[in-house]
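*Asks:* Structure provided below as structure tokens; questions to follow.
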Amino acid sequence: MLSKVLVANRGEIAVRVIRACQEMGIATVAVYSELDRNALHVRMADEAHALGGQTAAESYLNTEAILDIIERSGADGVHPGYGFFSENADFARAITARDVAFIGPNPEAIEIMGDKISARQAAERVGVSGVPGTTDLITDPAQVREFGAEHGYPVAIKAAYGGGGRGMKVVADENVVEEAIESAQREALSYFGRDEIYMERYLEKPRHVEVQVLADSQGNCVYLGTRDCSAQRRHQKLIEEAPAAGIDPDVLAAMGEAAVKVAQGCDYVNAGTVEFLYEEGEFYYLEMNTRLQVEHPATELVTGIDLVEQQIRIASGEPLPFAQEDIEISGHAIEVRINAEDPAEGAFLPSPGPITGLRAPSGYGTRWDGGYEAGDEISQFYDNLVGKLICWGRDRPTAIARTLRALDEMEVDGVATTINADVAILSHSDFAALAHSTKWVEETLDLTGVKSSPASDSPPPDTEPLVSREIDVEVNGQRYAVKMWVPEAASAPSAPASGGAKRPKRAAASKSSSSGSGDVTVPMQGTIVKVMVAVGDTVEIGDPIVVLEAMKMENNVCAEKSGTVAEIKVAEGDSVGGGDVVAVIE
733 MLSKVLVANR GEIAVRVIRA CQEMGIATVA VYSELDRNAL HVRMADEAHA LGGQTAAESY
793 LNTEAILDII ERSGADGVHP GYGFFSENAD FARAITARDV AFIGPNPEAI EIMGDKISAR
853 QAAERVGVSG VPGTTDLITD PAQVREFGAE HGYPVAIKAA YGGGGRGMKV VADENVVEEA
913 IESAQREALS YFGRDEIYME RYLEKPRHVE VQVLADSQGN CVYLGTRDCS AQRRHQKLIE
973 EAPAAGIDPD VLAAMGEAAV KVAQGCDYVN AGTVEFLYEE GEFYYLEMNT RLQVEHPATE
1033 LVTGIDLVEQ QIRIASGEPL PFAQEDIEIS GHAIEVRINA EDPAEGAFLP SPGPITGLRA
1093 PSGYGTRWDG GYEAGDEISQ FYDNLVGKLI CWGRDRPTAI ARTLRALDEM EVDGVATTIN
1153 ADVAILSHSD FAALAHSTKW VEETLDLTGV KSSPASDSPP PDTEPLVSRE IDVEVNGQRY
1213 AVKMWVPEAA SAPSAPASGG AKRPKRAAAS KSSSSGSGDV TVPMQGTIVK VMVAVGDTVE
1273 IGDPIVVLEA MKMENNVCAE KSGTVAEIKV AEGDSVGGGD VVAVIE
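Whatever position you read off the sequence shown (first residue = 1), add 732 for our numbering.
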């Protein structure tokens, strides 16, 4: 059994892994960026090491820094969580080359399935068919237009080395091909470190069904039922449930068997998820995620199997303690992702900032997997998942009712959240009747008037900026240089501070930001990744002015009046705060 595990991640998944290790008597090592130095996962781990930097590229994607910490800490296992390095074969290879266990699949399987094109080919070799698409990387917009002419629009452009809806853009017609390609590549590069993209036919009203698999190094592989993840926005999941309901049991069994074939076809070891699209009685292979999924707790509640524990045991060389015939599905589970986003009547605007209050629900069949506590801050540089609410019931109606009760108890203050949108989804007759699809939230669900809950009157936590100070101390007669984070106003003998978290560069203030104003303002803190217009351009209401990236998602900031662009106040790469004016239209 592994004795010390380094968790190469942050947020709720790092907390989840640390808790599993604690229950197994395994020591834990946390890593953290400058912005996460006081984060919950850092507070919970047995030891914590600084990566430096603020953005993911500067910290959690810094391979050399993580490898150095592995060596210094003496960790004999690394759990990558999801996102970041979880599906990076080079990182896994660098770990195993040091005789340290990578708690995930072997690098070869990651390479096959991490490249979505080779993954399609691998699935086809074992007789599992996917959505009609191409195995060629997109290098020219003409490729998309030719594919659209042959198969029809819409066409999905997807990150070849990613998943979870990141780096995916839907091309409605040939007029927006270039824009979709550029946006998909930017998001893919930002989230996965690579910008290769490919395309496939975009199904009109599919359900998103996935199969959880576990495989050990002795050649045993089982599937643990299914999950339905059809309630999505921007191709990213909001609500997941296990098992997938309303589908013929024979079809679900066929999906499970297909998932095992795909896993065994690439000599897969550890936990993985094979995803399918289901429409009108047919299912199509979509992709395999070579990692633990965000929605894994839903499967845990209906199977009674701790997936993180099994991951660690498999990585330690143990065989699976059960066979396929031992797997039993009991009841129904629903997982709700509580994201720091304002539903904003369907706009789902990222909402970074400090959490001033947090009260998780409790009760029978109710579980909360969170990555933050009151006083912590949701940063614009990372994913916006506050935590996950998972509820179990003896059947699907009971699980829905229990989840609605728990959401009513849930309190998150200081940032906007998706709770009210979650309630709207779970309360809708279409959801109860299983009449929803992956496009239902955006195309059918009426979120008119649905916004985030009003902010509470709770006082904000102490947000006085912290800066680093270096001082000399003596311990048992030996001199050390120690870096301390102290309030900016605090006196210290050292030179001027450096290394503190940078505040966003704010654009010029505006005296008027009302609806229809000529001042174009951004709704949230973020980074300008593209300026769409130039001074002198004529624009109409709704035309995009700039593209704002916040929490790894791109958002078009549009004109609220027609006219001529008189001034542009930002450039690509500028950081802005909510309410800042980025352009003026006259």
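Note that CB positions come from ideal geometry on N, CA and C, so glycine has one too.
Hey, how far is the Cα of Val1173 from the Cα of His1160?
*Replies:* Spanning the two alpha carbons is a distance of roughly 11 Å.
*Asks:* Inspect the CB distances between the region 1036 to 1055 and the region 1148 to 1155 and report whether three or more fall short of 8 Å.
*Replies:* With a cut-off of 8 Å, the region 1148 to 1155 and the region 1036 to 1055 do not count as touching, because too few Cβ pairs lie within range.
*Asks:* Pop quiz: Pro1084 and Gln1257 are said to be a contact at Cβ under 8 Å. What is the actual Cβ separation, rounded to whole angstroms?
*Replies:* Correct: roughly 5 Å between the Cβ atoms.
*Asks:* Could you tell me which uninterrupted alpha helix (DSSP H) segments, each at least 4 residues in length, are contained entirely in the region 978 to 1062, listed from first to last along the chain?
*Replies:* If we require 4 residues or more, the alpha helix (DSSP H) runs fully inside the region 978 to 1062 come out as 981 to 997, 1028 to 1035 and 1039 to 1047.
*Asks:* Report the rounded CA-to-CA distance for Ile1087 versus Gly815, giving the unit in angstroms.
*Replies:* Roughly 23 Å between the two C-alpha positions.
*Asks:* Return the CA-CA distance between Leu1177 and Ile1157, expressed in angstroms with no decimal places.
*Replies:* Taking the straight line from one Cα to the other gives about 8 Å.
*Asks:* Name the DSSP bridge partner or partners of Leu738?
*Replies:* Looking at the DSSP assignment, Leu738 forms a beta bridge with Val761 and Val810.
*Asks:* Nearest to Ala1131 by alpha carbon, out of Met931, Ala752, Glu1292 and Ala1030?
*Replies:* Of Met931, Ala752, Glu1292 and Ala1030, the residue nearest in Cα terms is Ala1030.
*Asks:* Should Thr958 be labelled buried (16 or more other beta-carbon atoms within 10 Å of its own) or exposed?
*Replies:* With 16 or more other Cβ atoms within 10 Å, it is buried.
*Asks:* If I'm right that Thr1022 touches Ala841 with Cβ under 8 Å, what's the distance once you round it to whole angstroms?
*Replies:* Correct: roughly 6 Å between the Cβ atoms.
*Asks:* Considering just the uninterrupted stretch of the beta strand (DSSP E) at Leu960, what are its terminal residues?
*Replies:* Per the sequence shown, the amino acid found at residue 960 is Asp instead of Leu. First-last of the beta strand (DSSP E) with Asp960: Cys953 to Arg965.
*Asks:* Check whether the region 970 to 989 touches the region 917 to 933, counting contact only when three or more Cβ pairs, one atom from each stretch, lie closer than 8 Å.
*Replies:* No, the region 970 to 989 is not in contact with the region 917 to 933.
*Asks:* DSSP puts Cys753 in a beta bridge; with which residues?
*Replies:* For Cys753, which the question treats as bridged, DSSP gives no partner whatsoever.
*Asks:* Out of Thr787, Asn741, Ala777 and Ala881, which one is the CA nearest neighbour of Ser1307?
*Replies:* Ranking the options by Cα distance to Ser1307, first place goes to Thr787.
*Asks:* Would Met1285 be called buried (16 or more neighbouring beta carbons within 10 Å of its own) or exposed?
*Replies:* Its Cβ being crowded by 16 or more others within 10 Å, Met1285 is buried.
*Asks:* Keeping to the same chain, check which residues put their C-beta closer than 7 Å to that of Cys998; ignore five residues upstream and five downstream.
*Replies:* If we look at Cys998 and ignore the five residues flanking it on each side, its Cβ neighbours are Ala841, Ile844, Met845 and Ala854.
*Asks:* Would DSSP call Ile1300 helix, strand or coil?
*Replies:* Strand at Ile1300.
*Asks:* Given Glu1299, which residues of its chain have a CB within under 8 Å of its CB, disregarding the five upstream and five downstream residues?
*Replies:* Cβ within range, chain order: Val1267, Ala1315 and Val1316.
*Asks:* What three-state label does DSSP hand Val1267 in the structure shown?
*Replies:* Coil, per DSSP.
*Asks:* Just to confirm, is the Cβ distance from Glu779 to Val763 under 8 Å?
*Replies:* Against a cut-off of 8 Å, the Cβ pair of Val763 and Glu779 comes out as no contact.
*Asks:* Less than 8 Å between the beta carbons of Val943 and Thr1035, yes or no?
*Replies:* Result no, Cβ atoms of Val943 and Thr1035 do not sit closer than 8 Å.
*Asks:* Check whether the region 1013 to 1022 touches the region 1048 to 1066, taking contact to mean three or more Cβ pairs, one atom from each stretch, closer than 8 Å.
*Replies:* In short, these stretches do not touch, since the Cβ pair count stays below three.
*Asks:* Which word fits Val876, buried or exposed, when buried means at least 16 other C-beta atoms lie within 10 angstroms of its C-beta?
*Replies:* By the neighbour-count rule (16 or more Cβ atoms within 10 Å), Val876 is buried.
*Asks:* CB His811 to CB Val909, shorter than 8 Å?
*Replies:* No, the pair does not count as a contact, with Cβ atoms beyond the cut-off.
*Asks:* Quick one: grab the DSSP three-state call for Gln1112.
*Replies:* DSSP places Gln1112 in coil when its eight states are reduced to three.
*Asks:* For His781, does the three-state DSSP call read helix, strand or coil?
*Replies:* The answer is strand: DSSP assigns His781 an E or B state.
*Asks:* Could you check what DSSP says for Arg830 in three-state terms: helix, strand or coil?
*Replies:* Coil, per DSSP.
*Asks:* Count the other CB atoms within 10 Å of the CB of Glu1067; is the residue buried (16 or more) or exposed (fewer)?
*Replies:* So Glu1067 ends up on the buried side.
*Asks:* What three-state label does DSSP hand Arg926 in the structure shown?
*Replies:* Of the three classes helix, strand and coil, the one that applies to Arg926 here is coil, per DSSP.
*Asks:* What residue range is occupied by the uninterrupted beta strand (DSSP E) comprising Gln968?
*Replies:* Unbroken beta strand (DSSP E) run through Gln968: Gln968 to Ala974.
*Asks:* Short of 8 Å in beta carbon distance, which residues of its chain neighbour Ala995, apart from the five on each side in sequence? Order them along the chain.
*Replies:* The answer, listed in chain order, is Val945, Ala947, Cys953, Gly1004, Val1006 and Met1020.
*Asks:* Would a C-beta distance cut-off of 8 Å place Ala904 and Tyr930 closer than the cut-off?
*Replies:* For Ala904 and Tyr930, no; Cβs fall outside 8 Å.
*Asks:* How would you write the range of the beta strand (DSSP E) that His773 sits in, first residue to last?
*Replies:* Note, His773: premise wrong, no beta strand (DSSP E); alpha helix (DSSP H) at Leu772 to Met776.
*Asks:* Please classify Leu921: does DSSP put it in a helix, a strand, or coil?
*Replies:* Helix at Leu921.
*Asks:* From the DSSP secondary-structure annotation, give me the bridge partner or partners of His883.
*Replies:* According to DSSP, His883 bridges with nothing at all.
*Asks:* With a threshold of 8 Å, are at least 3 pairs of Cβ atoms found where one atom belongs to the region 1108 to 1115 and the other to the region 765 to 775?
*Replies:* Yes, the region 1108 to 1115 touches the region 765 to 775.
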